[in-house]
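Colleague: Provided herewith is a single structure, encoded as structure tokens, for subsequent inquiry.
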Amino acid sequence: DLFSVDPKSGWVSVAKPLSRDIAVSVKLSIVVTDNTAPMLQQGMGTLIISIIDVNDIPPEFEPPWTRDEPNYLLEIEEEQPIGSLLGKFTALDKDSSIALYVLEQDGDMFSVNNITGKGLVASRPAFDNLNPLNLGAFDSGEFWINFDYS
Numbered sequence: 001d002l003f004s005v006d007p008k009s010g011w012v013s014v015a016k017p018l019s020r021d022i023a024v025s026v027k028l029s030i031v032v033t034d035n036t037a038p039m040l041q042q043g044m045g046t047l048i049i050s051i052i053d054v055n056d057i058p059p060e061f062e063p064p065w066t067r068d069e070p071n072y073l074l075e076i077e078e079e080q081p082i083g084s085l086l087g088k089f090t091a092l093d094k095d096s097s098i099a100l101y102v103l104e105q106d107g108d109m110f111s112v113n114n115i116t117g118k119g120l121v122a123s124r125p126a127f128d129n130l131n132p133l134n135l136g137a138f139d140s141g142e143f144w145i146n147f148d149y150s
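Mapping the sequence shown onto UniProt numbering, position 10 (from 1) lands on 10, and the numbers just tick up by one.
Below, the structure is given as structure tokens:
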């Protein structure tokens with residue numbers, strides 16, 4: 001039902017939308033008949049089609065982050081001790097898993113655990129030297145999302 005075959009050309013086409021969530025691969029039994037030979041001739045084989053996952057649902061951070069307002073506002077005290085917790089940033093993906101968190105910043109005042117999303121103070125922050133930070137979450141495919149926080 002997922003595929004159709006043109007009886008004259010032998011072209012195999014997708015007949016319905018495919019989803020890797022339903023099938024990773026599909027095996028089709030193929031029979032080829034030569035009607036032009038004096039005696040009927042047939043060949044048989046198997047066509048194996050692998051369905052590659054298309055990463056169609058990008059990850060999203062938990063609220064208050066939204067696609068319309070991709071920002072978090074964090075309030076931190078000046079001169080916080082190194083190792084203080086900024087927050088735990090969690091991204092979710094409906095069709096994959098989060099593979100990596102990446103923090104982009106000018107300087108090295110903050111750090112984010114690449115696996116857990118836990119944000120920490122890495123060096124003592126000073127108000128005259130704070131800039132917006134960009135945190136991204138990558139899923140196991142190509143998509144990633146990010147937000148700025150200041």
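Note that CB positions come from ideal geometry on N, CA and C, so glycine has one too.
In whole angstroms, what is the alpha-carbon distance linking GLY10 and GLN42?
Modeller: Computed Cα separation, rounded: 14 Å.
Colleague: How big is the Cα-Cα spacing for LYS88 and LYS118?
Modeller: Answer to the nearest angstrom: the Cα atoms are 4 Å apart.
Colleague: Does the beta-carbon of SER4 have 16 or more other beta-carbons within 10 angstroms, so that it is buried, or is it exposed?
Modeller: That one is exposed.
Colleague: Comparing C-alpha positions only, which one of MET44, GLN80, PRO58 sits nearest to LYS94?
Modeller: Checked all of MET44, GLN80, PRO58; the closest Cα to LYS94 is PRO58.
Colleague: Closer than 6 Å by C-beta to ARG124: which residues in its own chain qualify, once you throw out the five before and the five after it? Chain order, please.
Modeller: The residues are GLU79.
Colleague: Near ILE76, what residues of its chain come up, given a Cβ to Cβ distance below 7 Å and the 5 sequence neighbours on each side ignored?
Modeller: Correct list, in chain order: LEU86, PRO125.
Colleague: For a test of your reading of the model: does the CB of GLY136 fall under 8 Å from any non-hydrogen atom of the ligand NAP? Yes or no.
Modeller: This structure lacks the ligand NAP, and indeed carries no ligand of any kind.
Colleague: Among residues of its own chain, excluding the 5 on either side of ALA99, which ones have a beta-carbon nearer than 8 Å to its beta-carbon?
Modeller: Answer for ALA99: PHE138, ASP139, SER140, listed in chain order.
Colleague: Below 8 Å on the Cβ atoms is my contact criterion, and I expect GLY83 with VAL112 to pass it. Report the Cβ-Cβ distance as a whole number of Å.
Modeller: Actually they do not touch by this definition, with Cβ atoms about 13 Å apart.
Colleague: Across which residues does DSSP place ILE49 in a beta bridge pair?
Modeller: DSSP, once it has assigned bridges, lists VAL26 as partnering ILE49.
Colleague: Rounded to the nearest angstrom, what separates PRO63 and LEU2 at their Cα positions?
Modeller: Using only the alpha carbons, I get a separation of about 39 Å.
Colleague: How close, in whole Å, do the beta carbons of ILE48 and SER13 come, if the pair is a contact with beta carbons under 8 Å?
Modeller: Incorrect: roughly 16 Å between the Cβ atoms, too far for contact.
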